[in-house]
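Asks: The structure's right below; bear with me while I get my questions together.
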Amino acid sequence: MSATVQLKTDGNKGFFYIEIDGKQEALMTFVFAGDDKIIIDHTEVNPGNEGKGFGKKMVTKAVEYAREHHIKIIPLCPFAKSVFDKVSEFRDVL
778 MSATVQLKTD GNKGFFYIEI DGKQEALMTF VFAGDDKIII DHTEVNPGNE GKGFGKKMVT
838 KAVEYAREHH IKIIPLCPFA KSVFDKVSEF RDVL
């Protein structure tokens with residue numbers, strides 16, 4: 778069982794997600810704000826997956842994506858904001 782974070786974009790929005798055995802188990806949505814920012818607006822983890830670190834894995838992937846593409850993140854989602862508040866190493870993309 779591998780919890781690999783994947784990315785899908787569609788126009789000005791996208792989402793990071795974790796799929797296990799063909800079933801989506803976690804989702805974090807975002808929208809592009811111009812050419813240089815994304816706004817994380819929602820994070821959800823399916824029941825039974827709480828405490829497995831899926832949410833933090835998706836935020837980590839978003840940070841990697843932001844660094845690769847030289848963009849910033851605005852975490853409107855309370856969960857994503859809490860991860861940024863706790864992990865100072867991620868704040869360079871805020």
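Numbering-wise, the numbering used here puts 828 at position 51 of the sequence shown, and it's gapless, one number per residue. Every residue gets a Cβ at the ideal spot worked out from N, C-alpha and C, and that includes glycine.
(1) With a threshold of 16 other CB atoms inside 10 Å of the CB of E827, please say whether the residue is buried or exposed.
(2) Suppose contacts are defined by Cβ-Cβ distances below 7 Å. Is A843 in contact with V822 by that definition?
(3) Where DSSP assigns a beta bridge to D813, which residues make up the other side?
(4) How would you call P852, buried or exposed, if buried means at least 16 neighbouring beta carbons within 10 angstroms?
(5) Taking 7 Å as the cut-off, decide whether the C-beta atoms of A857 and I795 are in contact.
(6) Can you tell me which residues form a DSSP beta bridge with K804?
(7) G811 to I848, Cα distance in whole Å?
(8) Which residues in the same chain as V840 place their Cβ atom closer than 8 Å to its Cβ, once the five residues preceding and following it in sequence are excluded?
Replies: Here's the rundown:
(1) In the sequence shown, counting from the first residue as 1, residue 827 sits at position 50. By the 16-neighbour rule on beta-carbons within 10 angstroms, E827 is exposed.
(2) Position 66 of the sequence shown, counted from the start, is the residue given in the question as residue 843. Position 45 of the sequence shown, counted from the start, is the residue given in the question as residue 822. Going by C-beta atoms, A843 is not nearer than 7 Å to V822.
(3) Taking the sequence shown and counting its residues from 1, the one referred to as residue 813 is at position 36. Answer is none; D813 lacks a bridge partner.
(4) Taking the sequence shown and counting its residues from 1, the one referred to as residue 852 is at position 75. Buried, by the Cβ-count rule.
(5) Working through the sequence shown from its first residue, we reach residue 857 at position 80. Working through the sequence shown from its first residue, we reach residue 795 at position 18. No, these two residues do not count as a Cβ contact at 7 Å.
(6) On the sequence shown, residue 804 is found 27 positions in, with the first residue counted as 1. Inspection of the sequence shows that residue 804 is occupied by Leu rather than by Lys. Per DSSP, Y794, E821.
(7) Position 34 of the sequence shown holds residue 811. Position 71 of the sequence shown holds residue 848. So the alpha carbons of these two residues sit roughly 10 Å apart.
(8) Within the sequence shown, the letter at position 63 stands for residue 840. Here the set comprises I850, F867, V870.
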